[in-house]
Each structure stands twice: as structure tokens, then as C-alpha cells.
Amino acid sequence: MSKQVPVAEGVFTWPSDEPRLIASRCTDCDNHMFPVQTDCPRCSGSTTEQVELSRTGTLWTWTIQGYPPKAPPYAGNVDPATFEPFGVGYVDIDGKVRVESRLTVADVDKLKIGMELEMVLDPLYTNDDGDEVVTFAFAPISSSTSGGNS
Amino acid sequence: MSPNSDDVAIIGIGMHEFGRHDGVEGIDQGVTAVRRALADCGLNWDQVEFAFGGSKDAGAADTMVSKLGLTGLQFINVANGCATGGSALFSAYNSIKSGMFDIGMAVGFDKHERGAFRIDLASHGLEEWYGESGLALTTQFFGMKLNRYMHDYDISQPTLAKVAEKAFRNGSINPMAWRRRAMSEAEISESAMLSHPLTQYMFCSPGEGGVALILCRADKAKQYCDNPIYLDAAVVRSRKFGSFEVMAPHLSPERTDGPTVDASLAAFEMAGIGPEDIDVAQLQDTEVGAEIMHMAENGFCEHGEQEHMIAMGDTEIGGRLPVNTDGGCLANGEPVGASGLRQVYENVLQLRGDAGPRQVANDPKVAYTHVYGAPGISGVTILSR
Numbered sequence: 001m002s003k004q005v006p007v008a009e010g011v012f013t014w015p016s017d018e019p020r021l022i023a024s025r026c027t028d029c030d031n032h033m034f035p036v037q038t039d040c041p042r043c044s045g046s047t048t049e050q051v052e053l054s055r056t057g058t059l060w061t062w063t064i065q066g067y068p069p070k071a072p073p074y075a076g077n078v079d080p081a082t083f084e085p086f087g088v089g090y091v092d093i094d095g096k097v098r099v100e101s102r103l104t105v106a107d108v109d110k111l112k113i114g115m116e117l118e119m120v121l122d123p124l125y126t127n128d129d130g131d132e133v134v135t136f137a138f139a140p141i142s143s144s145t146s147g148g149n150s
Numbered sequence: 001m002s003p004n005s006d007d008v009a010i011i012g013i014g015m016h017e018f019g020r021h022d023g024v025e026g027i028d029q030g031v032t033a034v035r036r037a038l039a040d041c042g043l044n045w046d047q048v049e050f051a052f053g054g055s056k057d058a059g060a061a062d063t064m065v066s067k068l069g070l071t072g073l074q075f076i077n078v079a080n081g082c083a084t085g086g087s088a089l090f091s092a093y094n095s096i097k098s099g100m101f102d103i104g105m106a107v108g109f110d111k112h113e114r115g116a117f118r119i120d121l122a123s124h125g126l127e128e129w130y131g132e133s134g135l136a137l138t139t140q141f142f143g144m145k146l147n148r149y150m151h152d153y154d155i156s157q158p159t160l161a162k163v164a165e166k167a168f169r170n171g172s173i174n175p176m177a178w179r180r181r182a183m184s185e186a187e188i189s190e191s192a193m194l195s196h197p198l199t200q201y202m203f204c205s206p207g208e209g210g211v212a213l214i215l216c217r218a219d220k221a222k223q224y225c226d227n228p229i230y231l232d233a234a235v236v237r238s239r240k241f242g243s244f245e246v247m248a249p250h251l252s253p254e255r256t257d258g259p260t261v262d263a264s265l266a267a268f269e270m271a272g273i274g275p276e277d278i279d280v281a282q283l284q285d286t287e288v289g290a291e292i293m294h295m296a297e298n299g300f301c302e303h304g305e306q307e308h309m310i311a312m313g314d315t316e317i318g319g320r321l322p323v324n325t326d327g328g329c330l331a332n333g334e335p336v337g338a339s340g341l342r343q344v345y346e347n348v349l350q351l352r353g354d355a356g357p358r359q360v361a362n363d364p365k366v367a368y369t370h371v372y373g374a375p376g377i378s379g380v381t382i383l384s385r
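Residue numbers (this note's numbering), protein chains in the order written: chain P, 1 to 150; chain E, 1 to 385.
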């Protein structure tokens, strides 16, 4: 039976009903980094610990990927006939780090700097085992269901 | 005032036409540029004592000696991304300034596949999932940096098209340029939206071409040419913590100026002048927003003033501060190894008064170049006559 598998191990917690991005925190200066890295470019330290980021954030800037990226490296659909533009943005998470991410929205009228977003999983492709390979993305939080910072 | 022995002059310049040249290897475009630079100053290849050169995708520069002549010179390959040409020039400058050599060369050339740059993730220290997820595109960075900048400083969408319109108009009177067809603002604005807010004709394309510069101890320069151009500053800087650069899976909420600001300040200090002394400038215009943002990052205006300056025509060939008089990357394309040296080539022409129909009218005495590239590197030069 087909199942979802992550695009890579160690990018977000998995398996999980509410996956979170896995980051590093410098134990010397509190700098947060994503993905995980062992050294801190802020203070030149080399002691970091893994932390899980909040699942919500705010949009700091964005664009829309309007043409199929080259494959490789891109693993999603690059067929010009069926390619669908996708949003890309930097999402500020708790004022600690801004993570570059796909956005589930690719509409200039629906993307606003400062809008609230939450992390979701975004299907990229189906692998040879029939499993759905997913990466992370951020989606708008509708005002009625916004849970704030979790 | 006679030049000092540790000053550095550019005595010869050569360029292979930028564009697409099917059947012509990148390195041969570099060789052509070298031969043209030697002819420009009447030197023979065996008078060149050292060289720094590089390309990103067209092989090792030092192999060109098998065509130019096996003279035994010191030839060092440079690989520094989009600042490869600038780094070659910086290295050549210091080799003469140190007193080690009298005459040397900086050369850059390239030949890229069509379409946006395909990023080699591992060589950038990035993980495969980043590219697999559709994030590793330089075009996205440019769109996102510009979108935030327009939000912060009230730059309007029509201003973006004006910058590209100027570039193609300048390119149309540059016989070495790739794109020599002038385009209207409407045609530019209505072309395919590649990475909001940037359309197809607001981006430059990876291309082909070569540039070579012959450098000489300034006090000997007039032995070889009548019109030496002096290299008053050559600076390369990398990014500091907190700057917003291309190929960054994350940013810090702490904001710092990028490497362009640092390189620019250092270059002005080295030359002992300020932005108000610059008569003509070539600024990295990978896309139109880059030119707009780099005007401020290089000290030529405050953030946000570009909207008015561009509306007033200040950056036109006939304007107060002509910018990208040869059409820039937008009209010339970006052969990475050669691109920074193209800017210097254009400034030498402008300072000599040899730029033909695109000659700036202000009798230029001081000229400025700025190149920017992955993973957050800037190179600046200041030239004078």
C-alpha cells in the first residue's frame, strides 16, 4: 500500500501527525539555523543542539516560481504542459529564524508580507515503490482557525 | 602628477563578443579576447609575465597557453563564482602593486548551457532535498529580495521595466552585446512572469563570451600605450552574518548590510574618493531589481531614491550618473567568468573616450564597477584616467 515518505531524513520530524522542522540552536549565542548544522556562523562556535521549530510563522518575503525548475535537482513535475507555479517565501518563525519554504499559495492577490502561515506537507512526486514523496511547505492560516504560535 | 611605481594601469583591453556562439569553445573566446588585448597595446604574448584567469563552466584558464604560446609564465586559475573575473583582476592588481611583476593579465571567459543556472548543490554546501523541493534557484532569490525591497522602499512595478528598457536600448548601440534589439516597457512588462515581480526580459541569461585586460606598473604604462587607465581600487568581499544572500535555506532575523556595501566602502576608502566623484558606473544587473538595489548599496543614493532617479533619467547615458552604459548583464548576458571584466572593459572605453555612440557626455574621469554573485560575494573596482 502506498504511503507518504519524506524528501529526506532529518529535515522535519517523521513520522508525525504534526511534523516540525528540525533546526540547530547555538548553545553559545542562541542563533538558530536550518537545516541542522554543527557550526555557528554568528559567533564561530561549534556547539549546537537540535531543536524543533514552531509550526507557525509569518511571511517575510515571497515570490512565485513561474517556470519548471531544471531537473535534476528538482524532483517535482517539470512538464511544461502540466507544470503549476508554486509559491516560495521566507517564513519568520518566532523571530528566531527565517526559513525558505515552498508556499501552497501561488496567487499574487493572496500572498501578503506579514501574513500568518502554518507548516504542511506538500507532495513532490511518486517514487518507484509507489510511495508519495513529500517536502514541507507553508500554507495560510485562515483567521477562524488560527491557533497562533504553537 | 606622475604615477607611482606601485600604482597599476590597464594598458590593453580585449573582448570576444558576448552572446551564443555555437561551435566556438569558451576557452577559444578567452584566447580571442587575449589576442585582442595584446593588439590593443601592441604587446607580444611573451612580454606577459603572469596571468590570473578563470571560467565557471568552460574549463581551466591556464590551458590557453597551449594556443597563446608556452612561454613559461606564472598562470594561476581563479574560481570564485560570479566574482571570478573580479578576483582575477584583484589578484593581478596586487601582483603588480607588490612589486613582484611589471606586466600581467586578468582573463575571464565562459560558456553556459541554456536556461537558468543549474545549481550544483554539493559545491554550495547544500543538501539534495533543497533542490529536489524546488528551492535552489537564483531567480527565486532575486524575486524575493526585490519583493521585500519594493515593500520596504516603495519602488513601483513600472520602474522595473524602465531599467530593462534602458539596458536593451544601450545594448542596441553596443556591437559587442548579445541582445541588440531595443524593447518597449510594455513588451518587457508583458513577457512571461518568471519569478514575481520579475518577467522574462527583466532577467539576464547565462551566456558566452570572454574579456582580457593587460595590466602594467603605472610608471611604465606610457611605454606601451598613450592612454593608460589607472586602477585605483580593486576589492572583493564575502558576506557577513545577517545579510540576505542567494542560496540560503535560512536567514537570520538579524539584518546586516550585504557584501556590496562592504566592498564599496572599502573601494572608496582605497581610492580616497566618494560616490559623488564617480562619472560612470557599471553595476551588477542580474535582473532589474539588482541594478536598482545596487545603486543604493554602492552609495550612489539613499534606499528608495531610485524611483525618482530612474524617472528623471539620471542613470541614462546622458544622465547625471550613467549606469550600465553597455547594456549591462541584461543586454550582454552573463558568462560568469567574464562578466565582471566586461564592466571594466566598458569603463576603460568610456574613460578613453572610445565608447562611440554610447560615450557618456560628461568627459568622465572616474569610473566604477560592481559585480555580485553566489554565495554572497561582491567585487568593486574604481578606475581613473
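Just so it is clear, CB atoms sit at the ideal spot from N, CA and C, and this is done for glycine as well.
None of these values were measured; they are calculated from a predicted model.
In chain E, which residues lie with their C-beta within 9 Å of the C-beta of Val120/P?
Chain E residues near Val120/P: none, gap ~13 Å exceeds 9 Å.
From Ala338/E, Ile310/E, Ser189/E, Leu349/E, residue whose alpha carbon lies closest to that of Ala106/E
Ala338/E
Cβ-based contacts, 8 Å cut-off: residues of the stretch 61-79 of chain P near chain E
Thr61, Trp62, Thr63, Ile64, Gln65, Gly66, Tyr67, Pro69, Lys70, Pro72, Pro73, Tyr74, Ala75, Gly76
Are the C-beta atoms of Ile155/E and some chain P residue less than 8 Å apart?
no
Checking contacts by CB at 8 Å: is Pro41/P closer than that to chain E?
yes
Tell me the rounded alpha-carbon separation between Lys56/E and Glu127/E.
21 Å
At a cut of 8 Å, does the stretch 1-11 of chain E reach the stretch 205-219 of chain E through at least three beta carbon pairs?
yes
Among residues of its own chain, excluding the 5 on either side of Ser16/P, which ones have a beta-carbon nearer than 7 Å to its beta-carbon?
none
Quick one: residues in its chain with C-beta nearer than 7 Å to the C-beta of Ile317/E, no 5 flanking neighbours on either side, listed in chain order?
Asn170, Thr325, Arg358, Val360
Whole beta strand (DSSP E) runs in the stretch 284-358 of chain E with 3 or more residues, listed along the chain?
none
Relative to the C-alpha of Gly23/E, which residue among Tyr93/E, Ala290/E, Arg342/E, Glu208/E is closest?
Glu208/E
If we count the other Cβ atoms within 10 Å of its Cβ and call it buried at 16 or more, is Leu70/E buried or exposed?
exposed
Alpha carbon to alpha carbon, how far is Arg118/E from Pro206/E?
10 Å
Between which two residues does the beta strand (DSSP E) containing Ala139/P stretch?
132-140
Determine, using beta carbons only, whether Phe34/P comes closer than 8 Å to chain E.
yes
Rounded C-alpha distance that separates Asn149/P from Ala137/P:
Residue placement at Asn149/P cannot be trusted, given a pLDDT of 41 that sits under 50; the coordinates are not used to answer.
What residue range does the beta strand (DSSP E) around Ser195/E cover?
193-195
When Leu231/E, Asp257/E, Tyr345/E are compared against Ser378/E, the one with the closest alpha-carbon:
Asp257/E
Just curious, the beta strand (DSSP E) that Ser378/E is in, first and last residue?
377-384
Decide if the stretch 41-53 of chain P is in contact with the stretch 65-77 of chain P; the criterion is three or more beta carbon pairs, one per stretch, under 8 Å apart.
no
With a cut-off of 8 Å, does the C-beta of Met193/E fall near any C-beta of chain P?
yes
Got a sec, what are the start and stop residues for the alpha helix (DSSP H) Thr84/E sits in?
84-97
When DSSP labels each residue in this structure, what does Glu116/P get in the three-state scheme?
strand
Do we get a CB-CB distance below 8 Å when we pair Gly304/E with the residues of chain P?
no
Contact belief for Phe34/P with Val99/P at Cβ below 8 Å, rounded distance in angstroms
5 Å
Closer than 7 Å by beta-carbon distance: list the chain E residues that pair up with Glu100/P, in chain order.
Leu135, Ala248, Pro249, His250
Against Asp92/P, what residues of chain E qualify as contacts under a CB-to-CB distance less than 8 Å, listed in chain order?
Pro253
Counting only C-beta atoms, is Leu160/E closer than 8 Å to chain P at any point?
no
What is the DSSP secondary structure of Leu126/E, counted as helix, strand or coil?
coil
Residues of its chain near Gly99/E, where Cβ-Cβ distance is below 8 Å and the 5 sequence neighbours each way are ignored:
Ser5, Asp6
Contacting residues, own chain, Cβ-Cβ under 6 Å from Glu297/E (five flanking each side not counted)
Thr260, Val261
What is the DSSP secondary structure of Ile155/E, counted as helix, strand or coil?
coil
Within the chosen definition, does the stretch 101-112 of chain P reach the stretch 50-64 of chain P through at least 3 CB pairs nearer than 8 Å?
yes
For Thr145/P, which residues from the same chain have a beta carbon less than 8 Å from its beta carbon, with the 5 sequence-adjacent residues on both sides left out?
Because the pLDDT of Thr145/P is 46, which lies under 50, any placement of that residue in the model is unreliable, and the number read from its coordinates should be weighed accordingly. Correct list: empty, nothing qualifies.
For Val288/E, which residues of its own chain have a beta-carbon under 6 Å away from its beta-carbon, when the five flanking residues on both sides are left out?
Leu160, Val163, Ala164, Met202
Are the C-beta of Val108/P and some C-beta of chain E separated by less than 8 Å?
yes
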